[in-house]
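> Input: one structure, supplied below.
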Amino acid sequence: MIVDDHGIIRDGLRELLENAGDFEVVGQAENGATAVRVAQDLKPDVVVMDVLMPVKNGIEACREITDRLPDTHVLILTVATEEDAVIESVAAGAAGFLQKYAGKDEFLSAVRDVASGEYRIPGDVIKRVFTGIRATARRAAPPDLEKLTAREQEILTLFARGLSYAAIGEVRGSRPLTIRNAIYGIQNKLGTKTKQEMVVWAVRSGLLDNGSKD
Numbered sequence: 005m006i007v008d009d010h011g012i013i014r015d016g017l018r019e020l021l022e023n024a025g026d027f028e029v030v031g032q033a034e035n036g037a038t039a040v041r042v043a044q045d046l047k048p049d050v051v052v053m054d055v056l057m058p059v060k061n062g063i064e065a066c067r068e069i070t071d072r073l074p075d076t077h078v079l080i081l082t083v084a085t086e087e088d089a090v091i092e093s094v095a096a097g098a099a100g101f102l103q104k105y106a107g108k109d110e111f112l113s114a115v116r117d118v119a120s121g122e123y124r125i126p127g128d129v130i131k132r133v134f135t136g137i138r139a140t141a142r143r144a145a146p147p148d149l150e151k152l153t154a155r156e157q158e159i160l161t162l163f164a165r166g167l168s169y170a171a172i173g174e175v176r177g178s179r180p181l182t183i184r185n186a187i188y189g190i191q192n193k194l195g196t197k198t199k200q201e202m203v204v205w206a207v208r209s210g211l212l213d214n215g216s217k218d
């Protein structure tokens, strides 16, 4: 599903995705409010969405979509470069963030990653988000790490640092599918509704402070 207030961009993205051969564009929307309604009806796997739109911006729409449709992944594609916009997008539940000057191959790769359940967030953005979460976490009781095995803690730590399933698999000597299943198992064990909540749990627990390079 494509969300942008410029029709020419929606048409261009639709053509690019459909010509790639492994995507089906099921719907479009011109603003965030419409996007929320259409997404609830269509339940797309991925929503590619701009930030700066009338009626309701992409950040607000992203938050509502990910809250109501946990199996739908949002990829923010925008010209916005403000640091706050990037961080707010991630905090709102976006699984990926890409600027519109990205090339075609990079865009298609990002959509595929997000569709498969991986994050596509720049490392420096993740670091800034974690800094904010850590500041908040100091005022709250940390989660209980004993809920997870040592293996699960390592996998979650790597995932929270932004590594893909494939990259974690290389570190662990496991297949990407094995890592993906482990992530879903960790999410179920923690009772978190989204991967974003799971990452927040990891930060609050102090996992990323152990040997952290941030």
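Numbering of the sequence shown is given in my numbering, commencing with residue 5 and proceeding in unit increments. All C-beta atoms, glycine included, are put in the ideal place defined by N, C-alpha and C.
1) For Glu-68, which option in Arg-41, Arg-116, Glu-156 has the closest C-alpha, if you only look at C-alpha atoms?
2) Rounded to a whole number of angstroms, what is the C-alpha to C-alpha distance between His-10 and Lys-193?
3) Going along the chain, which residues of its own chain have a beta-carbon closer than 7 Å to the beta-carbon of Ile-6, five neighbours each way excluded?
4) Would you mind reading off the limits of the beta strand (DSSP E) that contains Val-78?
5) Can you give me the start and stop residues for the alpha helix (DSSP H) that Gly-16 sits inside?
6) So, for Lys-151: in the same chain, excluding its five sequence neighbours on each side, which residues have a beta-carbon less than 7 Å away from its beta-carbon?
7) Of all the CB atoms in chain C, is at least one closer than 8 Å to the CB of Val-50?
8) Contact check, Leu-160 vs Ile-125 under 8 Å by CB: the rounded distance?
9) Taking the C-alpha atoms as reference points, what is the distance between Asp-49 and Pro-58?
10) Given Val-203, which residues of its chain have a CB within under 7 Å of its CB, disregarding the five upstream and five downstream residues?
This is what the structure holds:
1) Within the sequence shown, the letter at position 64 stands for residue 68. Checking every option, the nearest Cα to that of Glu-68 belongs to Arg-41.
2) As a working mapping, residue 10 is identified with position 6 in the sequence shown. As a working mapping, residue 193 is identified with position 189 in the sequence shown. Looking at the two C-alpha atoms, the distance is approximately 42 Å.
3) If you number the sequence shown from 1, residue 6 lands on position 2. Correct list, in chain order: Arg-14, Leu-17, Arg-18, Val-29, Gln-32, Val-52.
4) The sequence position of residue 78 within the sequence shown is 74, counting from 1. Per DSSP, Val-78 belongs to the beta strand (DSSP E) from 77-82.
5) By 1-based counting over the sequence shown, the position of residue 16 is 12. Segment 11-24, the alpha helix (DSSP H) holding Gly-16.
6) As a working note, residue 151 is residue 147 in the sequence shown. Cβ neighbours of Lys-151 beyond the five flanking positions: Lys-193, Leu-194.
7) The structure shown contains no chain C, having only a single protein chain.
8) Mapped onto the sequence shown, residue 160 falls at position 156. Mapped onto the sequence shown, residue 125 falls at position 121. Actually they do not touch by this definition, with Cβ atoms about 16 Å apart.
9) Position 45 of the sequence shown, counting from 1, holds the residue named residue 49. Position 54 of the sequence shown, counting from 1, holds the residue named residue 58. Cα to Cα, Asp-49 sits roughly 24 Å from Pro-58.
10) As a working mapping, residue 203 is identified with position 199 in the sequence shown. Excluding residues within five positions, the ones whose Cβ falls inside 7 Å are Ala-164.
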